[in-house]
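Residue 41 is where the sequence shown starts when you use the working numbering, and the numbers rise one by one after that.
The beta-carbon is built from N, C-alpha and C at its ideal position, and this holds for glycine as well.
In what follows, a single structure is set out as C-alpha cells and then discussed.
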Amino acid sequence: MKLQRFVTKHNRQFLLLNGILMGLGLSFNFWTDQRTIAVILLIAASIIGVFPIALHAFSALRYKTISIELLVTIAVIGAFVVGEFHESAIVTFLFLFGGYLEKKTLAKTRASIKTLTELAPTTATVKTAQGEKQVDVDDLAVADQVLVRPGDQIPVDGVIIQGQGYVNEAAITGESKPVFKATTTQVYSGSLLDSGMLTVRTEKVGDETTFGKIIELVEEAQDAKSPAEKFIDRFAKFYTPAVLVIALVVYLITRDLNTAITLLVLGCPGALVIGAPVSNVAGIGSSAKAGILVKGGEVTTALAHVDTVLFDKTGTLTVGKPEVVTTINLIDDAEKLKQTTAQLLAIEKTSKHPLAQAIVTDLMHKKIPNISLKDSPETVKGQGLVTDTLFVGNQRLLADHGIQLDAKEKLTVQQIQQQGLSTVLVADKQHLLLALGIGDALKPDTAAALSKLKAMGLNRLIMLTGDNAASAQAIGQQLPLSGIQAELLPEDKLAYIKAQQAEGHQVAFVGDGINDSPALAAANVGIAMGAGADAAIETADVTLMNANFMALVVAIQKSRQTHANTVQNIVIAIGTVAALLIGLLLGKIDMASGMFVHEASILVVIFNAMRLLRHSNLAKRIQTAKKIAVQR
Numbered sequence: 041m042k043l044q045r046f047v048t049k050h051n052r053q054f055l056l057l058n059g060i061l062m063g064l065g066l067s068f069n070f071w072t073d074q075r076t077i078a079v080i081l082l083i084a085a086s087i088i089g090v091f092p093i094a095l096h097a098f099s100a101l102r103y104k105t106i107s108i109e110l111l112v113t114i115a116v117i118g119a120f121v122v123g124e125f126h127e128s129a130i131v132t133f134l135f136l137f138g139g140y141l142e143k144k145t146l147a148k149t150r151a152s153i154k155t156l157t158e159l160a161p162t163t164a165t166v167k168t169a170q171g172e173k174q175v176d177v178d179d180l181a182v183a184d185q186v187l188v189r190p191g192d193q194i195p196v197d198g199v200i201i202q203g204q205g206y207v208n209e210a211a212i213t214g215e216s217k218p219v220f221k222a223t224t225t226q227v228y229s230g231s232l233l234d235s236g237m238l239t240v241r242t243e244k245v246g247d248e249t250t251f252g253k254i255i256e257l258v259e260e261a262q263d264a265k266s267p268a269e270k271f272i273d274r275f276a277k278f279y280t281p282a283v284l285v286i287a288l289v290v291y292l293i294t295r296d297l298n299t300a301i302t303l304l305v306l307g308c309p310g311a312l313v314i315g316a317p318v319s320n321v322a323g324i325g326s327s328a329k330a331g332i333l334v335k336g337g338e339v340t341t342a343l344a345h346v347d348t349v350l351f352d353k354t355g356t357l358t359v360g361k362p363e364v365v366t367t368i369n370l371i372d373d374a375e376k377l378k379q380t381t382a383q384l385l386a387i388e389k390t391s392k393h394p395l396a397q398a399i400v401t402d403l404m405h406k407k408i409p410n411i412s413l414k415d416s417p418e419t420v421k422g423q424g425l426v427t428d429t430l431f432v433g434n435q436r437l438l439a440d441h442g443i444q445l446d447a448k449e450k451l452t453v454q455q456i457q458q459q460g461l462s463t464v465l466v467a468d469k470q471h472l473l474l475a476l477g478i479g480d481a482l483k484p485d486t487a488a489a490l491s492k493l494k495a496m497g498l499n500r501l502i503m504l505t506g507d508n509a510a511s512a513q514a515i516g517q518q519l520p521l522s523g524i525q526a527e528l529l530p531e532d533k534l535a536y537i538k539a540q541q542a543e544g545h546q547v548a549f550v551g552d553g554i555n556d557s558p559a560l561a562a563a564n565v566g567i568a569m570g571a572g573a574d575a576a577i578e579t580a581d582v583t584l585m586n587a588n589f590m591a592l593v594v595a596i597q598k599s600r601q602t603h604a605n606t607v608q609n610i611v612i613a614i615g616t617v618a619a620l621l622i623g624l625l626l627g628k629i630d631m632a633s634g635m636f637v638h639e640a641s642i643l644v645v646i647f648n649a650m651r652l653l654r655h656s657n658l659a660k661r662i663q664t665a666k667k668i669a670v671q672r
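Shown next as C-alpha cells:
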C-alpha cells in the first residue's frame with residue numbers, strides 16, 4: 041500500500057526518468073556505434089516505465105480485475121523476450137505519458153466543481169453587541185446577523201432585515217443580470233452584492249445552504265454513471281480477458297511472439313473506457329455553470345430521448361405572481377361582508393399557494409383587519425381550503441361539499457372565466473358569497489422558448505393544470521402548445537403521465553418543484569423551475585435554477601449534445617482499435633506506432649468531450665462582477 045502511494049505520488053518523476061533514458065538510448069542506438077550502452081539505457085527505461093504500470097496491474101488482479109495495465113505489462117515482458125527493447129521503452133513511455141495527459145485534461149472537465157467551490161464564501165462579518173466581527177463561515181449560526189458590503193459575497197442563506205441593493209445571483213441561477221433585493225427578501229450563499237449594503241439574518245449555513253447543495257449535487261451527478269458507461273464497464277470485464285485469449289491463440293497458430301505481443305498493446309480499450317465518463321463529466325459540469333443541475337448520466341440520456349414535454353401552468357408557464365383582477369361580491373349585508381373578508385384573509389394566510397398569496401396581498405392592500413382562526417383550515421388537495429363556516433377554492437370543492445350554484449352564481453363564475461382568469465370561490469354552507477378572478481401573466485420568454493422546442497423536433501408540448509378550462513384555454517391560446525388538460529387534481533396529472541408512458545412516450549414534466557412532486561417523480565425526467573428552492577433541488581431530476589424557459593431549451597440541447605458526444609467517443613474508440621488490428625494484420629503497424637495511435641485516440645476522445653465546456657463562462661462573469669463592485 042505504501043509502495044502504491046509512493047508510485048502514485050511520484051508518477052511524474054517515473055515518466056520523466058523513463059523519457060530521458062529512452063531518448064538517450066534511442067540516440068545511442070541510431071547515431072553512434074555504442075549499441076551496448078543503447079541497450080542498457082533502453083532496458084533501464086523499460087524497467088522504470090513498466091514498474092508503475094505493473095504495480096497497477098497487480099493491484100487490479102488482487103480485486104480479480106484484468107486491467108489495461110496487465111496487457112501492457114505482458115507486452116513489455118514479451119518485448120524483453122524477443123529483444124525488442126526499444127519497443128518496450130517506447131510503449132511504456134507512451135502509456136505513462138498518455139496517462140499523465142489524460143489526468144491533466146480530465147481535471148479540466150471537472151473545472152465546474154473547482155469553479156463552484158472557489159466561489160463559496162469562507163468568511164463573514166457578523167454584527168454583535170460589541171460591534172462588527174470577522175468570523176469563519178463554519179462558525180456562523182442560525183439567527184446571526186451578517187453584514188454584507190458592496191463587492192462581498194453573501195455567506196449564508198437568509199432574509200434581509202436591513203438595507204437594499206443589487207445582487208448578482210449567477211452562482212445560483214446562472215443569470216448574471218443583478219437582481220434588486222430589499223428588506224424581507226430572500227438571499228442565497230454564493231451570491232455577490234453588486235451595490236448597496238445589507239444586513240442578513242442567517243437561516244442556513246455551510247452545506248445546508250442552497251449553494252452547498254448545488255455543489256454536492258453536481259459532484260454526485262458527475263460520479264453517477266450513464267447507461268453507456270455501465271455498458272462499457274460490463275463490456276470491458278469480458279473484452280480485456282478476450283484480448284489475452286486472442287493473443288495467445290494468435291501465438292499458438294503463428295508462433296510469432298512479436299505479433300501476439302503487439303496485439304496485446306493494440307487491443308487495449310483505453311479510449312473506450314474513458315470516452316463515456318469524460319463526456320458525462322464535461323456535459324454535467326457545463327450545465328451546472330449555466331444554472332442547470334442534472335442528476336447524473338442516466339438523466340442526461342433520458343432527457344436526450346424525451347419526445348413529450350408536459351407543463352404545469354402557475355409558476356411554470358406563468359410568472360407565478362398572480363394578482364386579483366376582479367372581485368364580485370354576492371353579499372348584501374355590509375357587516376357580513378366585513379366578517380367574511382377578514383375570515384378569508386386569515387384562511388389564505390395559512391396557504392403558500394400562489395393564488396392564496398395573491399388574495400392575501402389584495403386584502404392587506406385594502407386594509408382588511410387581521411383576525412385569528414379557532415382551528416387551522418383543512419387543505420383539500422387540488423381543490424382549496426375548508427373551515428367550519430367557509431369553503432374557499434374551486435367549483436369542484438363546492439360541489440363535493442353539496443353546495444350547488446344557482447343560475448345567477450353560475451353566470452358570475454362564467455363571466456370571470458371568460459376573461460381567462462383563475463377563479464377562487466368563497467361560499468358558506470348554502471350560497472356563493474364571493475367570486476375572485478385572479479390573473480397571472482405569462483413569463484416573457486415562454487412562447488419563444490416553446491417555439492424553439494418545436495423547432496428542435498419536440499412537437500408534443502402539453503399543459504396540465506388544475507385551473508378551470510376557460511382560464512387554461514385563455515393562456516394556452518397564447519402559446520404554441522399541442523394540447524391542454526385542465527381541471528386536473530394532482531392524481532389526475534399523475535394518471536395522465538402514466539398514460540403517456542404506457543403509449544410508449546418518453547415524458548418530461550416541468551413544474552415548480554414544490555406542488556408537483558408526484559408528477560416530477562413519475563415522469564421519465566422531472567424538471568423543476570425554481571431559483572434556489574430546496575424542494576426543487578431534492579425532488580427533480582433536473583433543476584433550472586434560473587426559472588425561465590430558455591434555460592429549459594439549453595438543458596435539452598446540452599443533454600442531446602452530451603449524448604451525441606458519448607456516442608462519438610465510443611465510435612472513435614472502437615474504430616481506432618479496429619483500424620489498428622487491421623493494420624497489424626496487413627503488416628503496416630508495429631508495437632510502438634500502434635501504441636502511439638492508441639494513446640492519441642484517448643486524447644482525441646477527451647478533447648472531443650471538452651468541446652462540451654464551451655460557452656461555460658460563469659467564472660469570468662463572477663470575476664468581472666466582483667471587479668465592477670469593488671471599483672464602485
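Own chain partners of residue i with C-beta closer than 6 Å, once the 5 adjacent residues on each side are dropped
| i | result |
| --- | --- |
| K244 | D197 |
| T348 | R500, Q540, H545 and V547 |
| L222 | Before going on, a small fix: residue 222 reads as Ala here, not Leu. So the list reads Q204, once near-sequence residues are dropped. |
Identified DSSP bridge partners for residue i
| i | result |
| --- | --- |
| S416 | Partner(s): none; S416 has no beta bridge. |
| A475 | I368 and L465 |
| R241 | Q185 and V199 |
| G25 | Look at the range of the chain in this structure, 41 to 672, and you will see that residue 25 is not part of it. |
| A164 | V175 |
| F431 | V426 and A467 |
| K221 | G205 |
| S235 | Y206 |
| I482 | Per the sequence shown, the amino acid found at residue 482 is Leu instead of Ile. According to DSSP, which records beta bridges pairwise, L482 is partnered with T358. |
| L350 | I502 and F549 |
| Q597 | BP columns for Q597 are empty, so no partner. |
| Q193 | L232 |
| V617 | BP columns for V617 are empty, so no partner. |
| V227 | G198 |
Nearest to residue i (by Cα), restricted to the options the options
| i | options | result |
| --- | --- | --- |
| Q597 | Y140, D373 and I332 | I332 |
| L673 | L592, A488 and L625 | Look at the range of the chain in this structure, 41 to 672, and you will see that residue 673 is not part of it. |
| K494 | G477, P520, D507 and Q513 | P520 |
| L528 | G497, I83, E338 and Q435 | Q435 |
| V305 | S128, N508 and L61 | S128 |
| D415 | D428, V359, I324 and L66 | D428 |
| V313 | I646, L653, G551 and D352 | I646 |
| A386 | I399, A374 and E375 | I399 |
| Q608 | I629, M585, A649 and S633 | A649 |
| I629 | I301, D247 and N51 | I301 |
| I194 | F70, N564 and G230 | G230 |
| M635 | A115, Y103, A487 and Q458 | A115 |
Opening and closing residue of the beta strand (DSSP E) in which residue i lies
| i | result |
| --- | --- |
| I332 | I332 to V334 |
| N208 | D197 to N208 |
| R500 | R500 to L504 |
| I524 | G523 to Q525 |
| L584 | V582 to L584 |
| Y105 | In the sequence as displayed, the identity of residue 105 is Thr instead of Tyr. Looking at the DSSP string, T105 is not in any beta strand (DSSP E), and its letter there is neither H nor E. |
Beta-carbon proximity list for residue i, same chain, < 8 Å, skipping 5 on both sides
| i | result |
| --- | --- |
| E172 | T165, V166 and L187 |
| L111 | T280, V283, L284, L304, V305, G307 and C308 |
| F54 | V47, I88, G89, F91, P92 and L136 |
| L288 | A300 |
Residue range of the unbroken alpha helix (DSSP H) whose run includes residue i
| i | result |
| --- | --- |
| K376 | A374 to E388 |
| V359 | Counting along the chain, V359 falls outside any alpha helix (DSSP H), and DSSP gives it neither H nor E. |
| V453 | A447 to Q457 |
| S511 | A509 to G516 |
| N58 | N51 to W71 |
| D402 | P394 to H405 |
| S633 | M631 to M650 |
Proximal residues to residue i (C-beta, below 7 Å), its chain only, five neighbours per side dropped
| i | result |
| --- | --- |
| N58 | A85, I88, G89, T132, F133 and L136 |
| G479 | P362, E363, V365 and L461 |
| L395 | P362, S462, V464 and I478 |
| G203 | G236, M237, L238 and T239 |
| A382 | I408, P409 and I411 |
Assumed close pair residue i, residue j - CB separation to whole angstroms, cut-off 8 Å
| i | j | result |
| --- | --- | --- |
| I200 | T225 | 5 Å |
| V466 | T380 | 7 Å |
| S319 | L620 | Between L620 and S319 the Cβ distance is about 22 Å, and since that is not below 8 Å, they are no contact. |
| T358 | K483 | 7 Å |
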